[in-house]
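Quick notes on the structure that follows.
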Amino acid sequence: MNLKRVRQRAAHSWLFLGALFVLGGVLGFLQYRWTGEVSVAERERLRASLRSSLFRLSQDLNAEVAAACRSITPIEAQPSATQTESEIAARFAEWKKTTRHERLFSRIALAVPGNGGFELHGLDLEQGTFAPAEWPSEWAGLKQRLHWQMSPGRGPFRDFPHPQDPLTIELPLFAMPRPGDSGRFFQREPHWLIFELNLQALRDSVLPDLIERHLNTADDPDYDVVITTRTIPPAVIYQSDPGRTVQEVTAAADASVPLLDLRTEQFRRWAPGVPGPRSVQPFARRGGFGGGRGRGMMDAFARWEMYVRHRAGSLEAVVSRARWRNLAVTAGLLMLMGAAAVALARYTRREQRLAELQIGFVAGVSHELRTPLTVIHTAAYNLRGKVAASPEQVERYGALIQQESGRLRGLVDQILDFARAESGYVVKEPEPVNVETVIDEVLDSAKALIEAHHCSVEKQIEPGLPAISGDRVGLRHALANVLNNAAKYGSKGGNWIGVFASKIEKRNQVEIRIADRGPGIPADEQEQVFEPFFRGRMAVENQVHGTGLGLNLAKKIVEAHGGSIQVKSELTKGTVFTIRLPAAANARQP
Ligand code: ADP
Numbered sequence: 315m316n317l318k319r320v321r322q323r324a325a326h327s328w329l330f331l332g333a334l335f336v337l338g339g340v341l342g343f344l345q346y347r348w349t350g351e352v353s354v355a356e357r358e359r360l361r362a363s364l365r366s367s368l369f370r371l372s373q374d375l376n377a378e379v380a381a382a383c384r385s386i387t388p389i390e391a392q393p394s395a396t397q398t399e400s401e402i403a404a405r406f407a408e409w410k411k412t413t414r415h416e417r418l419f420s421r422i423a424l425a426v427p428g429n430g431g432f433e434l435h436g437l438d439l440e441q442g443t444f445a446p447a448e449w450p451s452e453w454a455g456l457k458q459r460l461h462w463q464m465s466p467g468r469g470p471f472r473d474f475p476h477p478q479d480p481l482t483i484e485l486p487l488f489a490m491p492r493p494g495d496s497g498r499f500f501q502r503e504p505h506w507l508i509f510e511l512n513l514q515a516l517r518d519s520v521l522p523d524l525i526e527r528h529l530n531t532a533d534d535p536d537y538d539v540v541i542t543t544r545t546i547p548p549a550v551i552y553q554s555d556p557g558r559t560v561q562e563v564t565a566a567a568d569a570s571v572p573l574l575d576l577r578t579e580q581f582r583r584w585a586p587g588v589p590g591p592r593s594v595q596p597f598a599r600r601g602g603f604g605g606g607r608g609r610g611m612m613d614a615f616a617r618w619e620m621y622v623r624h625r626a627g628s629l630e631a632v633v634s635r636a637r638w639r640n641l642a643v644t645a646g647l648l649m650l651m652g653a654a655a656v657a658l659a660r661y662t663r664r665e666q667r668l669a670e671l672q673i674g675f676v677a678g679v680s681h682e683l684r685t686p687l688t689v690i691h692t693a694a695y696n697l698r699g700k701v702a703a704s705p706e707q708v709e710r711y712g713a714l715i716q717q718e719s720g721r722l723r724g725l726v727d728q729i730l731d732f733a734r735a736e737s738g739y740v741v742k743e744p745e746p747v748n749v750e751t752v753i754d755e756v757l758d759s760a761k762a763l764i765e766a767h768h769c770s771v772e773k774q775i776e777p778g779l780p781a782i783s784g785d786r787v788g789l790r791h792a793l794a795n796v797l798n799n800a801a802k803y804g805s806k807g808g809n810w811i812g813v814f815a816s817k818i819e820k821r822n823q824v825e826i827r828i829a830d831r832g833p834g835i836p837a838d839e840q841e842q843v844f845e846p847f848f849r850g851r852m853a854v855e856n857q858v859h860g861t862g863l864g865l866n867l868a869k870k871i872v873e874a875h876g877g878s879i880q881v882k883s884e885l886t887k888g889t890v891f892t893i894r895l896p897a898a899a900n901a902r903q904p
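Next up, the structure:
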């Protein structure tokens with residue numbers, strides 16, 4: 315692969331990444347717009363479903379109360395009040411046996427017309443017997459209405475004063491005409507059966523049951539519910555969460571519904587087609603039960619109003635919260651995509667750099683191989699062709715061949731070592747290694763190179779250095795690579811090489827520093843010198859022999875021993891490589 319193709323591929327990956335980011339942005343924006351539209355529809359759907367739940371709840375409550383009243387109310391009044399009472403008592407006892415809400419009513423009484431007014435007979439709900447009773451003060455409005463009903467010049471029923479009492483239901487009981495009855499008897503004023511709903515029972519079971527059934531509030535209530543009377547000022551009938559004020563719920567309700575919309579026709583039990591008593595007709599004309607009546611009608615007759623508000627504040631809040639959650643997930647995904655793209659970019663960049671370095675390496679190594687080979691070839695040619703005849707000349711050519719083949723061998727060894735260490739350098743059989751001995755060996759083997767570069771060596775080894783547990787040959791190799799660099803590059807300047815070894819007591823480590831007073835390494839190259847195939851600009855320009863593998867190999871070896879290698883360098887001042895290795899006791903075992 316040539317350099318041009320490597321760069322082309324890198325440019326393509328950058329283009330791809332750019333496109334990915336633009337696409338991510340566009341998708342994010344579209345998601346934002348579309349979820350906005352979906353949210354509006356969702357809010358409307360939620361509201362409609364809430365309204366229909368409330369409507370069904372209202373119908374269920376009406377049906378439940380009406381069914382109870384119907385079971386207890388006789389079809390007609392008997393000629394005598396006592397007879398009517400005993401029929402009511404019998405029906406009441408029967409109803410009690412079958413009902414789910416035995417305590418639905420707190421009082422049941424019969425208002426019997428007489429003496430220009432009504433006498434009240436109360437039913438003892440425990441004993442099931444009737445006894446004369448006083449009109450309770452809370453029933454004053456009701457009593458007034460019954461009187462109005464008896465007054466000669468009264469208008470039709472629909473002119474009854476509204477609103478109805480919040481807790482009482484009064485039902486007229488008419489006597490049916492019998493054979494022999496005079497028309498006068500038939501026009502007799504009705505008895506009134508009065509039911510008073512038991513507020514405590516409503517709060518404890520009737521209303522919570524209904525709310526749970528229709529709003530699914532069993533486990534985790536989503537809604538706050540408040541029911542108030544429709545009187546002015548309103549009184550609270552029911553409140554699902556006493557921690558919230560009534561105003562909080564009613565003022566910002568998501569939906570409301572009129573409750574307890576009871577009209578006389580709901581209590582009729584006569585067969586369809588049989589007309590009821592005349593006085594009931596005005597009610598019936600106002601819209602049949604179950605007929606398409608609007609909220610206006612319900613408003614007029616309902617005794618209570620139910621307000622429902624979502625716990626999150628409102629349905630808008632719920633939907634917008636869901637929308638933001640949705641967007642957060644998208645943003646998270648886009649960020650993930652971005653992070654993946656950045657990682658990909660870094661990887662691509664690294665790959666590109668590595669490819670460039672490899673291409674440079676091949677060119678460099680070819681050159682490094684060719685030079686000594688050419689020298690050896692020429693020397694051999696001269697020897698064979700007797701160009702070098704004198705023993706001194708033969709000796710010189712021999713030495714030349716030896717020197718160049720040594721260089722060749724070093725080069726090949728370096729590449730082979732690198733290839734071996736590529737899959738991870740492992741210290742196979744660690745042995746105690748004396749640091750000073752290794753340093754001396756390395757200095758000894760580099761003697762020729764050091765002398766060739768006219769360098770002086772300053773060596774300082776702290777006495778009593780602990781041994782290192784490791785691979786002696788490997789460590790020698792690593793130190794040699796660093797030391798050879800100091801001679802190769804550091805000689806152009808101070809011609810001085812410092813080798814220091816000391817121990818770091820606190821960390822139980824041995825520190826080896828190899829310093830030179832050469833031209834130094836430019837800051838931008840310092841972090842790259844340990845990368846494989848990397849060669850500095852100056853090294854290439856000055857045609858210093860090398861492969862770019864030495865420091866990478868040294869780093870791999872040192873790290874395999876549990877140690878570290880760092881470089882500190884200042885241009886024109888010199889370079890220091892610091893190697894730290896754990897002392898024997900702490901040395902990592904293979
Ligand atoms: P090589 O020496 O074969 O080029 P290395 O891995 O040993 O490869 O070194 C990588 C690069 O680090 C060198 O090409 C050189 O630019 C730079 N370098 C290493 N040691 C020194 C030093 N002591 N002074 C200046 N530059 C150095």
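My numbering numbers the first residue of the sequence shown as 315 and each following residue consecutively. Where a beta carbon is used, it is the ideal one built from N, C-alpha and C, also for glycine. These numbers come from a predicted model, not from an experiment.
When the beta-carbon positions are compared, residue 542 and residue 621 come within less than 9 Å of each other.
By the criterion of a C-beta distance shorter than 6 Å, residue 893 is surrounded in its chain by 826, 872, 879, once the five residues flanking it on both sides are discounted.
Residue 516 places its beta carbon 9 Å or farther from that of residue 383.
About 7 Å separates the Cβ atoms of residue 652 and residue 338, confirming a contact at the 8 Å cut-off. Of 852, 865, 858, the smallest CA-CA separation from residue 885 is found for 852. In the structure shown, residue 821 falls within a coil segment according to DSSP collapsed to helix, strand and coil. The DSSP assignment places 618-624 as complete runs of the beta strand (DSSP E) inside the region 604-661, in order along the chain (cut-off: 3 residues). As the crow flies, the alpha-carbon of residue 629 is around 20 Å from that of residue 572.
Non-local beta-carbon contacts of residue 332 in its own chain, meaning distances under 7 Å to residues more than five positions away in sequence, are absent.
Counting C-beta atoms within 10 angstroms of its own C-beta, residue 329 has fewer than 16 neighbours from the protein chains shown and is therefore classed as exposed.
The beta carbon of residue 403 sits closer than 8 Å to those of 437, 442, 443, 444, all from its chain and outside the five residues before and after it, given in chain order.
Here the distance from the Cβ of residue 883 to the nearest heavy atom of ligand 1 is below 8 Å. Counting only runs of at least 4 residues, the region 667-733 fully encloses no alpha helix (DSSP H) element at all. Counting C-beta pairs closer than 8 Å gives fewer than three between the region 634-643 and the region 367-381, which falls short of the contact rule.
For residue 790, the enclosing alpha helix (DSSP H) has its first and last residue at 786-804.
DSSP places residue 346 in the helix class (H, G or I) of the three-state scheme. Ranked by how close their Cα comes to the Cα of residue 545, the residues 617, 790, 557, 525 have 617 in first place. Residue burial is scored here from C-beta neighbours: residue 695 has fewer than 16 other C-beta atoms within 10 angstroms and is therefore classed as exposed.
Taking a contact as a CB-CB distance under 8 Å, the pair residue 867 and residue 847 does not count as one, their CB atoms being some 12 Å apart. At a cut-off of 8 Å, the beta-carbon of residue 833 counts as near ligand 1: some heavy atom of the ligand is closer than that. DSSP, read as helix, strand or coil, puts residue 318 in helix. The closest heavy atom of ligand 1 lies 8 Å or more from the beta carbon of residue 870. For a cut-off of 8 Å, the C-beta gap from residue 568 to residue 361 is around 7 Å, short enough to register as a contact. Looking at the DSSP output, residue 543 sits in a beta bridge with 618. In this structure, residue 696 has its CB at a distance of at least 8 Å from all heavy atoms of ligand 1. In the structure shown, residue 566 falls within a coil segment according to DSSP collapsed to helix, strand and coil. Under the three-state reduction of DSSP output, residue 373 falls in the helix class.
Counting the other CB atoms within 10 Å of its CB gives residue 783 a total of 16 or more, which places it among the buried residues.
Contact annotation: the region 815-830 touches the region 790-801, with at least three C-beta pairs closer than 8 Å. Across the structure, residue 789 and residue 689 are spaced so that their CA atoms are roughly 32 Å apart. Ligand 1 never approaches residue 649 closely enough for any of its heavy atoms to be under 8 Å from the residue's Cβ. Residue state for residue 351 is assigned as helix, using DSSP reduced to three classes.
The C-beta separation of residue 739 from residue 870 comes to about 4 Å, placing the pair in contact by the 8 Å criterion. Our two residues, residue 388 and residue 565, have alpha carbons roughly 43 Å apart in a direct line. Between ligand 1 and the CB of residue 727, the shortest heavy atom gap is not smaller than 8 Å. Shown here, residue 887 sits in coil according to DSSP, grouped into three states, outside any helix or strand.
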